[in-house]
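First up is the structure itself, then whatever we jot down about it.
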Amino acid sequence: MPNDGHLWYSIRSASSPKAPLVLVQGRGLDHHGWDSVLNEFTNRPIILIDHRGTGQSTASLNSEWSTRDFANDVVTILDHAGIDRAHVYGHSMGGRIAQWLGAEHADRIITLTIGGTSVGDGNGLPRPTIGAAALASGDPSALASLFYPDDWVAANPQQATSVLPEPHSPEAMSIHSKASDRPDGPAPEKITTPTLILHGANDPISDPGNAAILGKRIPNSEVLMVPDARHAYWAGKPDVHSSVAKFLSSNDPN
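UniProt numbering puts the sequence shown at residues 1 to 254.
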């Protein structure tokens, strides 16, 4: 746990005999960022976590955090829950966190699924200008347009703004943002875990070209580009997480 706080997590469907899945959200988001997709994974234990500075997890805001720190938090949670190995699915900054897990804790990880993310060591494509400006604005409608297609936002206005970043404070959001933007991750070549890479073809937050770069650099990986999708590439596209569920099942330990 952070030396000056505590980490919150919850396990759903704990009685399932299947290998568990850890869901790791992006910067400023707590576990509720996964609410709309949980039904896709009801056949296995799901470990939901709140990052430091979000939800029910706490930590001092007097120090910098890194994606490596967040990855170590995930390992701490696995230890506390008595789980030897798990699948990990990270979205956005959560994908950067997952890259650390694959590179440094391969003995604890069955598979990685990383979505809407960037290349951990910084040797990828920069954030599109429009995405950077909207993120900096903090405007809910501008943020929603980064995550979801306009027609989906129009049809789901409440849901479109209910899962946007809501950290404890502007200071916590600043620390998350610095961790997310800092190109201090591992070289993708160090990841040997079977990896599924997902990306929305119209993602304005993380350049879609990063998916191809990761696919070339991570051994034993495959790339699934989601057409007509933005940062939350699963919105209105149930087949996306059906593909993830099949990937997990095909790699479950016997």
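Idealized CB from N, CA, C, for every residue including glycine.
Whether residue i touches residue j by CB criterion (7 Å)
i	j	result
T67	A179	yes
H231	L146	yes
P41	L61	The sequence as given places Phe at residue 41; Pro does not occur at that position. Cβ distance not < 7 Å, so F41 and L61 don't count as in contact.
R27	H176	yes
G55	S92	no
H31	L48	yes
N220	P194	yes
G120	G53	no
A144	T161	yes
Nonlocal neighbours in the same chain, by C-beta distance under 7 Å from residue i, ignoring five residues either side
i	result
R217	P188 and E189
A201	P208, M225, V226, P227, D228 and A229
M1	The pLDDT assigned to M1 is 49, lower than 50, so where the model puts this residue is not dependable; a value taken from the coordinates is nonetheless given after this. Once the five neighbours on either side are set aside, the close Cβ partners of M1 are L7 and T76.
T192	A106, P219 and N220
P183	D121 and G122
S243	L224
H241	V37, E40 and W234
Coarse secondary structure for residue i, derived from DSSP in three states
i	result
W8	strand
S13	coil
H199	strand
residue 257	Absent from the structure is residue 257, since the part of the chain shown begins at 1 and ends at 254.
L214	helix
M1	For M1, the pLDDT reaches just 49, beneath the cut-off of 50, and the residue's location in the model is therefore unreliable, although a value from the coordinates is still provided. DSSP places M1 in coil when its eight states are reduced to three.
L29	coil
D252	coil
D35	helix
D50	strand
Whole-number beta carbon distance between residue j and residue i, since they are thought to touch under 8 Å
i	j	result
G94	V24	4 Å
I205	R127	7 Å
Same chain only: Cβ atoms within 6 Å of residue i, ignoring 5 sequence neighbours per side
i	result
G90	V24, I97, A98 and I114
A71	I97, W100 and L101
Same chain only: Cβ atoms within 8 Å of residue i, ignoring 5 sequence neighbours per side
i	result
Q159	S36
I83	P20 and I47
A86	A19, P20, L21, V22, I47, L78, R108, I109 and I110
Contained beta strand (DSSP E) runs [length at least 3] in the segment 58-94, N- to C-terminal order: Listed in chain order, they are 86-91.
Continuous beta strand (DSSP E) assignments of at least 3 residues falling wholly in the segment 91-179: Here the runs fully enclosed are 109-115.
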